[in-house]
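Participant: Just dropping this structure here.
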Amino acid sequence: MKLMRRVYFDNNASTPVLSEVFDAMRPYFGEHFGNASSIHHHGQDTRAAVERARESLATLVGCRPSEIVFTSGGTEGDNLAIFGLARSGDHVISSTIEHHAVLNACKHLEEMGCEVTYIPVDGSGQVDPDDVRRVLRANTRLITIMMANNETGVLQPVEEIGKIAAEADVYFHTDGVQAAGKVPLDVNRIGCDLLSISGHKMHAPQGVGALYVRKGTLLQPMLYGGRHERSRRAGTENVPGIVALGKAAELAQETFQRGDDKTMAASRDRIQQTILENVEATGLNGEGAARVPNTTNIYFEYIEGEALVIALDLKGLAVSTGAACSSGAIEPSHVLTAMGLRPDRARASIRFSLGKQNTPEEVDFALDLVPQTVSRLRELSPVYNKTTVSS
Amino acid sequence: MPPSKTIAVAMSGGVDSSTVAAMLRAEGHRVIGLTMQLWNQRRLAGHTGMPETVQGRCCSLDDVYDARRVAETLGIPYYVVNHEDRFERDVVRPFVEEYLSGRTPIPCSLCNNHLKFDQLLIVAQQIGADALATGHYARVEFDQACGRWLLKRPADRSKDQTYFLFGLTQEQLSRTLFPLGEMTKPEVRDLARHHGLALAEKPDSQEICFVPGGDYKNFLDAYLAEQGDALPDTAGELVTTDGNVIGEHGGIHHFTVGQRKGLGVATGSPLYVIQIKGDTRQVVVGNQEDLYCKTMRVKKINLISVADLSEPMRVQVKIRHRHDPASAQLEVSGADEMTITFDQPQRAVTPGQAAVFYDGDVVVGGGWIA
Numbered sequence: 242m243k244l245m246r247r248v249y250f251d252n253n254a255s256t257p258v259l260s261e262v263f264d265a266m267r268p269y270f271g272e273h274f275g276n277a278s279s280i281h282h283h284g285q286d287t288r289a290a291v292e293r294a295r296e297s298l299a300t301l302v303g304c305r306p307s308e309i310v311f312t313s314g315g316t317e318g319d320n321l322a323i324f325g326l327a328r329s330g331d332h333v334i335s336s337t338i339e340h341h342a343v344l345n346a347c348k349h350l351e352e353m354g355c356e357v358t359y360i361p362v363d364g365s366g367q368v369d370p371d372d373v374r375r376v377l378r379a380n381t382r383l384i385t386i387m388m389a390n391n392e393t394g395v396l397q398p399v400e401e402i403g404k405i406a407a408e409a410d411v412y413f414h415t416d417g418v419q420a421a422g423k424v425p426l427d428v429n430r431i432g433c434d435l436l437s438i439s440g441h442k443m444h445a446p447q448g449v450g451a452l453y454v455r456k457g458t459l460l461q462p463m464l465y466g467g468r469h470e471r472s473r474r475a476g477t478e479n480v481p482g483i484v485a486l487g488k489a490a491e492l493a494q495e496t497f498q499r500g501d502d503k504t505m506a507a508s509r510d511r512i513q514q515t516i517l518e519n520v521e522a523t524g525l526n527g528e529g530a531a532r533v534p535n536t537t538n539i540y541f542e543y544i545e546g547e548a549l550v551i552a553l554d555l556k557g558l559a560v561s562t563g564a565a566c567s568s569g570a571i572e573p574s575h576v577l578t579a580m581g582l583r584p585d586r587a588r589a590s591i592r593f594s595l596g597k598q599n600t601p602e603e604v605d606f607a608l609d610l611v612p613q614t615v616s617r618l619r620e621l622s623p624v625y626n627k628t629t630v631s632s
Numbered sequence: 111m112p113p114s115k116t117i118a119v120a121m122s123g124g125v126d127s128s129t130v131a132a133m134l135r136a137e138g139h140r141v142i143g144l145t146m147q148l149w150n151q152r153r154l155a156g157h158t159g160m161p162e163t164v165q166g167r168c169c170s171l172d173d174v175y176d177a178r179r180v181a182e183t184l185g186i187p188y189y190v191v192n193h194e195d196r197f198e199r200d201v202v203r204p205f206v207e208e209y210l211s212g213r214t215p216i217p218c219s220l221c222n223n224h225l226k227f228d229q230l231l232i233v234a235q236q237i238g239a240d241a242l243a244t245g246h247y248a249r250v251e252f253d254q255a256c257g258r259w260l261l262k263r264p265a266d267r268s269k270d271q272t273y274f275l276f277g278l279t280q281e282q283l284s285r286t287l288f289p290l291g292e293m294t295k296p297e298v299r300d301l302a303r304h305h306g307l308a309l310a311e312k313p314d315s316q317e318i319c320f321v322p323g324g325d326y327k328n329f330l331d332a333y334l335a336e337q338g339d340a341l342p343d344t345a346g347e348l349v350t351t352d353g354n355v356i357g358e359h360g361g362i363h364h365f366t367v368g369q370r371k372g373l374g375v376a377t378g379s380p381l382y383v384i385q386i387k388g389d390t391r392q393v394v395v396g397n398q399e400d401l402y403c404k405t406m407r408v409k410k411i412n413l414i415s416v417a418d419l420s421e422p423m424r425v426q427v428k429i430r431h432r433h434d435p436a437s438a439q440l441e442v443s444g445a446d447e448m449t450i451t452f453d454q455p456q457r458a459v460t461p462g463q464a465a466v467f468y469d470g471d472v473v474v475g476g477g478w479i480a
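If you read the sequences in order, they're chains A and B.
Residue numbering for the first sequence follows the working numbering, beginning at 242 and increasing consecutively.
Residue numbering for the second sequence follows the working numbering, beginning at 111 and increasing consecutively.
As structure tokens, this is what we get:
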């Protein structure tokens, strides 16, 4: 049977491990297998590898190596930051468009006796820093607002928020999962105290991540055990994963030096413009806002995004809409809803997110497939037919 | 072998629909598995009378897991599609409103009409499927003579599900496959085993999928509480057929026509619910013989084997799922309304239930008992 061509434009969900990254981590499964806490040669070997990776991460975000804590991924980093700082009675500021790793952690904070204010976003999907300033209270302990939104790619004004946090002497955590590797990061320019990163969103494997914790920030750990990661995160280090994350961080830095992010933005813009120009009744979600270079989110009126995602998958193109719930069904997007998008448009929205592995030919493939698939779906849509007949 | 088609299978995670997927795959068709996410059981968890944890069957993760495992075993693409909004609008709300109006609803028919053979069929077509197959026990075939798609009772009469399918239109029937129509349930289980499906012995589900444990009264309470509404006071009088008040009741939604237990009055002879009057909240009780009724009106008609009914027709009518079709005369008595006159009076004609008309094995059509 002929294998179907598969093109993957869902890199905000997960990215493939790059071959350089895989090559870097492979020796740490067999050849260099020691426990990084052991005193012997084997332990020293992996300890050195972990610390080299820590330096690469520190370079990526502009901090000291000692300020990097390795985690199991973005969710753990977000949770460690939030539960590591907030106590019952504290006030916490977040936004309505956070990833569920932050949103549901904040919901739990409320159950624990914290008060959480969720800052709304404007039509382009951005938080207004003045709103953050306005809701500050004497007992505000933490601001947690993401750098880049996973669904729209819209960048948040984190530098302004960082200034507000510094003035108010409030901790500032930012979920940097969708920004890391896509835009240059500098924790001092951002002014954040904590920043979480996920490996598999930047071509390292799933199951590894990092949390930047500014020196002097007293985090209550979530896991108790050995004194790993300076007692901030107990548990034997995931050495192959950490090595891979370090390598991915180095590659990301090189990417910015080469200007690959500009090339990626050009590909993204080509997808976006071609669709918006050639397919009627479409629009861009996040119009007017600065975005990470790999993401575009487009609504196709008169169709269900879910059906479009399935139809495209059956033809070999992987894209996504909203967030999947536990059954695998798609839930209405809280992000697009928070942006004030009409519910039918929110349900009709599709995210294309590019990765380093994508080629111009793959963009051509998508641009050939999407318009014809949208046409077919619309032909079979009761809403579309009613509208076109009556108009 | 017939030419290969692309067929979407509505997979519930049960043995019937799983076997359908396996059969069609074995016949060489391109099969796509679809499961509808219709109701989030967690929504009402913790409300009074509702289980703390998720116990209801509808869209349970276990069933989705089972369906996904079958798809993986068969090597077919599989997707879960979210139709929670439509399900709530077209099935759950009408279900609640019907009970509060003193009628006894059948959510499964509403789900078939508005979800499975409407929304899901549209998705199936949109993703390139020629037809939608389900695990219902029924038969569908095109009749050259009358030029219409016919819905027929299945070979296994004990599993007949045509009662829930009377609302299907010609367009829907033309795109629907019921591959189990010629099979018996034991044969289906044998085939499931033959195809190596791990769920071949999984028990059948009976209850209303979104009502955990089948306790609809607790469900009504919990749903209304979640919506921020108190359960409206539907308490009223218990009256006899001659209009004598003999007691009070706690709410009309606690009753269904033909019910004998739980009336809260003690008399010499057994009493039955004869009628529930939604407007006056009266529950009329009477003797066994008062339950029998010779004529009834049926509304919101869907005709299948005939385009219209110009003159009265002899049919057999089924007035609930477990009812032996009774001979009757069917005639138009108003706009979208028909009157049925039974040869023999029928017990417990229940407003809100469906009346489905048969001509032997063929489903003539059906409607809702007024």
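Cβ atoms here follow ideal geometry from the backbone N, Cα and C, with glycine treated the same way.
With a CB to CB cut of under 7 Å and the five nearest residues on each side skipped, what residues in its chain are close to Pro-215 of chain B?
Facilitator: Pro-204, Phe-205, Glu-208, Tyr-209 and Gly-462
Participant: Can you give the Cα-Cα distance for Val-418 of chain A and Arg-179 of chain B, rounded to whole angstroms?
Facilitator: Each residue's alpha carbon lies about 32 Å from the other.
Participant: Please report the distance separating the alpha-carbon of Gly-166 of chain B from that of Asn-328 of chain B.
Facilitator: Model confidence at Gly-166 of chain B stands at a pLDDT of 47, short of 50, so the residue's coordinates are unreliable and nothing is read from them.
Participant: Using a beta-carbon distance below 8 Å, is Val-191 of chain B in contact with chain A?
Facilitator: yes
Participant: Please confirm whether Leu-171 of chain B has its beta-carbon closer than 8 Å to some beta-carbon of chain A.
Facilitator: yes
Participant: Which residues in chain B sit within 8 Å of Arg-617 of chain A, going by Cβ to Cβ distance?
Facilitator: At a C-beta separation below 8 Å, Arg-617 of chain A has these neighbours in chain B: Gln-236 and Gly-238.
Participant: Going along chain B in order, which residues have a C-beta closer than 7 Å to the C-beta of Ala-548 of chain A?
Facilitator: By Cβ distance, chain B contributes Val-233, Gln-236 and Ile-237.
Participant: Would you report the Cα separation of Val-411 of chain A and Arg-382 of chain A, rounded to the nearest angstrom?
Facilitator: 5 Å
Participant: By a C-beta neighbour count over all protein chains shown, 10 Å radius and 16 as the cutoff for buried, is Gln-514 of chain A buried or exposed?
Facilitator: exposed
Participant: Would you mind telling me which residues of chain B sit closer than 8 Å to Leu-621 of chain A, beta carbon to beta carbon, in chain order?
Facilitator: Ile-232, Gln-235 and Gln-236
Participant: The beta strand (DSSP E) with Ile-384 of chain A in it runs from where to where?
Facilitator: Where Ile-384 of chain A is concerned, the enclosing beta strand (DSSP E) stretches over 381-385.
Participant: May I have the straight-line CA-CA distance separating Gly-466 of chain A from Val-130 of chain B, to the nearest angstrom?
Facilitator: Taking the straight line from one Cα to the other gives about 51 Å.
Participant: Check whether the Cβ atoms of Phe-193 of chain B and Leu-144 of chain B lie closer than 8 Å to each other.
Facilitator: The residue you asked about is not Phe; residue 193 of chain B is His in the sequence shown. Not a contact, by the Cβ cut-off of 8 Å.
Participant: Should Pro-322 of chain B be flagged as near chain A, meaning a C-beta pair shorter than 8 Å?
Facilitator: no
Participant: Reducing DSSP to helix, strand and coil, say where Ile-512 of chain A ends up.
Facilitator: In this structure, Ile-512 of chain A counts as helix in the three-state DSSP scheme.
Participant: Determine the chain A residues that contact Ile-318 of chain B at a beta-carbon separation under 9 Å, and present them in chain order.
Facilitator: Those within 9 Å of Ile-318 of chain B in chain A number zero; the least Cβ separation is about 19 Å.
Participant: Relative to the alpha-carbon of Val-383 of chain B, which residue among B:Val-408, B:Met-406, B:Glu-347 and B:Ala-417 has its alpha-carbon at the smallest distance?
Facilitator: B:Glu-347
Participant: Compute the Euclidean distance between the alpha carbons of Lys-503 of chain A and Met-388 of chain A, then round it to the nearest angstrom.
Facilitator: Near 19 Å, if we compare the C-alpha coordinates of Met-388 of chain A and Lys-503 of chain A.
Participant: Could you tell me which residues DSSP pairs with Thr-504 of chain A in its beta bridges?
Facilitator: Per DSSP, none; premise fails for Thr-504 of chain A.
Participant: Between Asp-314 of chain B and Ala-248 of chain B, what straight-line distance do the alpha-carbon atoms span, to the nearest angstrom?
Facilitator: 17 Å
Participant: Applying a beta-carbon distance threshold of less than 9 Å, which residues of chain A neighbour Pro-187 of chain B?
Facilitator: Ile-551, Asp-554 and Leu-555
Participant: Quick check: the Cα distance between Asp-427 of chain A and Gly-403 of chain A, rounded to an integer number of angstroms?
Facilitator: 12 Å
Participant: Taking 8 Å as the threshold (C-beta atoms), are Gly-596 of chain A and Thr-256 of chain A in contact?
Facilitator: yes
Participant: Taking all protein chains shown into account, do 16 or more other C-beta atoms lie within 10 angstroms of the C-beta of Met-443 of chain A, making it buried, or fewer, making it exposed?
Facilitator: So Met-443 of chain A ends up on the buried side.
Participant: For Pro-455 of chain B, which residues of its own chain have a beta-carbon under 8 Å away from its beta-carbon, when the five flanking residues on both sides are left out?
Facilitator: Tyr-402, Cys-403 and Lys-404
Participant: Would Met-580 of chain A pass as a contact of Gly-364 of chain A if the rule is Cβ separation under 8 Å?
Facilitator: yes
Participant: If the cut-off is 9 Å on Cβ atoms, which residues from the segment 276-291 of chain B count as contacting chain A, listed in chain order?
Facilitator: Contact annotation: in the segment 276-291 of chain B, no residue has its CB less than 9 Å from a CB in chain A.
Participant: Can you pull the chain B residues whose beta carbon is under 9 Å from the beta carbon of Ala-570 of chain A, in chain order?
Facilitator: Thr-145, Met-146, Gln-147, Cys-169, Val-174, Tyr-189, Val-190, Val-191, Asn-192, His-193 and Glu-194
Participant: Can you list, in chain order, the residues of its chain whose CB lies under 8 Å from that of Pro-573 of chain A, leaving out five sequence neighbours each side?
Facilitator: Gly-563, Pro-584, Ala-587 and Arg-588
Participant: Is the beta carbon of Asn-252 of chain A less than 8 Å from the beta carbon of Asn-535 of chain A?
Facilitator: Contact: yes.
Participant: Between the alpha carbons of Ala-345 of chain B and Gly-368 of chain B, how many angstroms are there, rounded?
Facilitator: 19 Å
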